[in-house]
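Okay, so the sequence shown: first residue is -16 according to this note's numbering, each after it adds one.
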Amino acid sequence: MSRVGKRPISIPDSIQASVEESRIVFKGAKASKELETHGRVKIDLQNKELTFSAVDSTPQSRAFWGTYRALANNIVLGLTSGFSKTLEINGVGYKASVAGKTLELALGFSHPIKYPIPDGIEMSVDKNQLIIKGSDKQQIGQIAAEIREFRPPEPYKGKGIKYIDETIIRKAGKTAKK
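Laid out in structure tokens, this is it:
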């Protein structure tokens, strides 16, 4: 069983945190985020240290305890250092470019795909790599998954969009009869 909920979160000086009933409000230099707990956990903020505890001893309450602690920690990490995901584009003629608030992808279709970049997200292209940066971990992962879905990697030649740390299991092609 995980013990994530027991660890306190130390809040750096660059972030102000406040507890308002069942909400935690984080204010950083660039943005502010809030986490609504709906009264599922007890929150304690003392001396720039945020601790969570379970409301009762039911398994659901213990699950919320660890979940809300992890969500709060992701908000703190996002406001201090940010998150990023890198996608790799493989294939002849496959390319990406950022034009203003739009990502343009040429992925072998008859038309280019235009993906609007949401507020708070930065995208950059370096050769065949697309780097997505932002302060919300869930949003970064969702955007990366949506872009990957346009042309998932195929197992024969490895063409498509894949995560930089993803390994594609390759299949052997057909063999000719003799």
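For glycine and all other residues, C-beta sits at the position ideal for the given N, C-alpha and C.
Taking one beta carbon from each stretch, the stretch 60 to 74 and the stretch 112 to 119 have 3 or more pairs nearer than 8 Å; the two touch. By the beta-carbon neighbour count (other beta carbons within 10 angstroms, threshold 16), F133 is exposed. With fewer than three CB-CB distances shorter than 8 Å, the stretch 93 to 104 does not count as touching the stretch 140 to 149.
Around L113, the same chain offers L70 and A79 as residues with beta carbons nearer than 6 Å, after the five sequence neighbours per side are excluded. G124 and K160 have their alpha carbons spaced roughly 45 Å apart. Judged by DSSP in its simplified three-state form, Y51 adopts helix.
Ranked by Cα distance from V108, the options K(-11), H94, V38 and G83 are led by G83. Between R23 and V38 a beta carbon distance of about 6 Å is seen, short of the 8 Å cut, so the two are scored as contacting.
The alpha helix (DSSP H) runs lying completely inside the stretch 109 to 151 and spanning 4 residues or more are 120 to 133, given in chain order. For R6, the enclosing beta strand (DSSP E) starts and ends at R6 to K10. As the crow flies, the alpha-carbon of Q29 is around 12 Å from that of F35. By alpha-carbon distance to V2, the top candidate from E17, N111 and S44 is E17.
DSSP places L90 in the coil class of the three-state scheme, outside both helix and strand. The continuous beta strand (DSSP E) containing I26 extends over residues V24 to Q29. G(-12) is classed as buried because its beta carbon has at least 16 other beta carbons within 10 Å across all chains shown. If you look at S(-3), you'll find it isn't in any beta strand (DSSP E); DSSP assigns it neither H nor E.
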